[in-house]
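Inspection log for the structure reproduced underneath, given as structure tokens.
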Amino acid sequence: MKIYHLFERYLQPIRKWTQSLFFIYFLFFSGLCLCVLGVIERFILMRDFYLTSTLVVLLITLIFGRVFCGWVCPLGFIFHGVYKLKMKVSNLKFPPTVPEEIHSKMIYLKYGLLVLFLYLTYKLSTYAFCKVCPLGTLTNLYGTVVSIMLLLFFLIMGFLYPLFFCRYFCPIGALLGIFSIKPLFKLKIDNEKCVNCKLCDRRCPVQIELTKGIPQHECIRCFECKSICKKDALKYEI
Ligand code: SF4
Ligand code: SF4
């Protein structure tokens, strides 16, 4: 068996371990240098060029899409755990969905929040997003009472609807989304192999209907769709 196929077979366990290790990193070493938005806020406030890690993350995003969201982000790790728990306790085979007419509009909210937080950072001369980031509470970075309350709110909403924060509210996801509108490596359906069973549509935690087209900027590269497809019809390639 080729290494690539071995990797594909254990994709989900490998992803979980990667997410867990990054979560520990963020928890104990604080994650500012890996949080692309935190570093940009710092740049706006202090005009220092502490941007190397951000440039690396943005370059990876240009090539592979939003792998940061699905493999690195500690908030993603928490909210993945929460919706998996919900599926387990409710004995669900597929994650619950938000009505499409609401979902299709709410996905734009995060882009507005990105602009708002950058504006507030500049205008108020403060780390506007870091102060309310649900992770700030856990990492001792800039956690406030507001960030604790937001963490609780998004934990509840994330229990009801998978990755509720990531889909609609995360300005970091929005920033990375802008850089992954046309990534080099794209997730595609091989129409020769696809039997239109729609298992991938129902499995996607951010509610992408793959069979109708894959918006690369909304895909968090979790590859849950790829793992569930019984026809090996999902390709991730240039
Ligand atoms: S799970 Fe695979 S075969 Fe089924 S619709 Fe998706 S890509 Fe096609
Ligand atoms: S389309 Fe596939 S890889 Fe992208 S978020 Fe949905 S399940 Fe994950």
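Under the working numbering, the first residue of the sequence shown carries the number 762, and numbering increases by one thereafter.
Virtual Cβ for every residue (Gly too), placed ideally from N, Cα, C.
None of the values given here were measured: they were computed from a predicted structure.
- Taking all protein chains in view, the Cβ of serine 908 is crowded by 16 or more other Cβ atoms within 10 Å, so the residue is classified as buried.
- For tyrosine 880, there is no enclosing beta strand (DSSP E); the residue is part of the alpha helix (DSSP H) that begins and ends at 870-885.
- In chain order, the residues with a C-beta atom nearer than 7 Å to some heavy atom of ligand 1 are Ile950, Lys954, Cys955, Val956, Asn957, Cys958, Lys959, Leu960, Cys961, Asp962, Leu971, Thr972, Cys986, Ile989, Cys990, Lys991, Lys992, Ala994 and Leu995.
- Cβ contact annotation for lysine 996 (same chain, cutoff 8 Å, sequence separation greater than five): Leu948, Lys949, Ile950 and Asp951, in chain order.
- The three-state secondary structure of tyrosine 922, taken from DSSP, is coil.
- Within the stretch 938-971, the complete beta strand (DSSP E) runs of at least 3 residues fall at 947-950.
- Relative to ligand 2, valine 967 has its C-beta within less than 7 Å of a heavy atom.
- In the DSSP assignment, glutamate 998 forms a beta bridge with Lys947.
- Counting other Cβ atoms within 10 Å of its Cβ, phenylalanine 789 stays below 16 and is therefore classed as exposed.
- At a cut-off of 7 Å, the beta-carbon of phenylalanine 984 counts as near ligand 2: some heavy atom of the ligand is closer than that.
- If you draw a straight line from the Cα of threonine 779 to the Cα of cysteine 830, it is about 12 Å long.
- The beta carbon of alanine 994 is closer than 7 Å to those of Ile950, Asp951, Lys954 and Cys955 in its chain, skipping five residues each way along the sequence.
- Residue nearest to glycine 842 within the set Thr813, Lys866, Ile989 and Tyr922 is Tyr922 (criterion: CA-CA distance).
- For threonine 905, the secondary structure class from DSSP, reduced to helix, strand or coil, is coil.
- In the structure shown, cysteine 986 adopts helical secondary structure according to DSSP, grouped into three states.
- Annotated three-state conformation of isoleucine 975 is coil, per DSSP.
- Of the other Cβ atoms in all chains shown, 16 or more fall within 10 Å of the Cβ of isoleucine 801; this residue is therefore buried.
- The three-state secondary structure of phenylalanine 784, taken from DSSP, is helix.
- Secondary structure of leucine 853 (DSSP, three-state): coil.
- Cα atoms of arginine 928 and aspartate 809: separation of roughly 31 Å, rounded to the nearest angstrom.
- Using a Cβ distance threshold of 8 Å, glycine 826 and arginine 982 count as a contacting pair.
- The Cβ atoms of isoleucine 933 and cysteine 796 lie closer than 8 Å to each other.
- Going by beta carbons, proline 835 and leucine 896 fall inside the 8 Å limit.
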